[in-house]
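*Asks:* My questions all concern the structure below.
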Amino acid sequence: MAITMTEAAASRVKQYLDNRGRGLGLRLGVKTSGCSGMAYVMEFVDVLNEDDDVYDINGLNIIIDAKSLVYLQGIEMDFAKEGLNEGFKFNNPNAKGECGCGESFVV
Numbered sequence: 001m002a003i004t005m006t007e008a009a010a011s012r013v014k015q016y017l018d019n020r021g022r023g024l025g026l027r028l029g030v031k032t033s034g035c036s037g038m039a040y041v042m043e044f045v046d047v048l049n050e051d052d053d054v055y056d057i058n059g060l061n062i063i064i065d066a067k068s069l070v071y072l073q074g075i076e077m078d079f080a081k082e083g084l085n086e087g088f089k090f091n092n093p094n095a096k097g098e099c100g101c102g103e104s105f106v107v
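Everything in the sequence shown is counted per full-length UniProt numbering, starting at 1 for the first residue and increasing by one.
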């Protein structure tokens, strides 16, 4: 498993989970969407699905389903603030390109 998170991303996810006050962890996945074909999905997890795997990444439970894992191998999750904008960024070695707005990618 070669999925990593920067300290900034781990700190922000931990803050979100602490503020929420419950849950098993954070789901990281992909779905068909956008102009390039695939988009990242993040959501809180309260109940595991049958095809979920749980990974301890920087002390956090990151839940990834089997279908998404293929597209996420080697990914680095980061969190950045740029001026008034802030958000998670994904450095994915599997991505062959992104759409102009950066919301979706193609493999």
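The C-beta atom is built at its ideal place from N, Cα and C for all residues, glycine as well. These numbers were taken from a predicted model, which means no experiment stands behind them.
1) Mind reading off the beta-carbon distance from Ala8 to Phe79? Whole number of angstroms is fine, and I expect it under 8 Å.
2) Please name the residue or residues paired with Gly25 in a DSSP beta bridge.
3) Considering just the uninterrupted stretch of the beta strand (DSSP E) at Asn19, what are its terminal residues?
4) So, helix, strand or coil for Leu84, using DSSP?
5) Consult DSSP for Ala39 and reduce its assignment to one of helix, strand or coil.
6) Can we say the segment 19–29 touches the segment 48–68, given the rule of at least three CB pairs closer than 8 Å?
*Replies:* Once the coordinates are examined:
1) Start at 1 with the first residue of the sequence shown, and residue 8 comes out as number 8. Start at 1 with the first residue of the sequence shown, and residue 79 comes out as number 79. That belief holds up - the Cβ atoms of Ala8 and Phe79 are roughly 4 Å apart, short of 8 Å.
2) Counted from its first residue, the sequence shown places residue 25 at position 25. According to DSSP, Gly25 bridges with Val45.
3) Position 19 of the sequence shown, counted from the first residue, corresponds to residue 19. Looking at the DSSP string, Asn19 is not in any beta strand (DSSP E); the run it does join, the alpha helix (DSSP H), is Glu7 to Arg20.
4) On the sequence shown, residue 84 is found 84 positions in, with the first residue counted as 1. Leu84 falls in the coil class under three-state DSSP.
5) Residue numbering aside, residue 39 sits at position 39 when the sequence shown is read from its first letter. Correct three-state label for Ala39: strand.
6) yes
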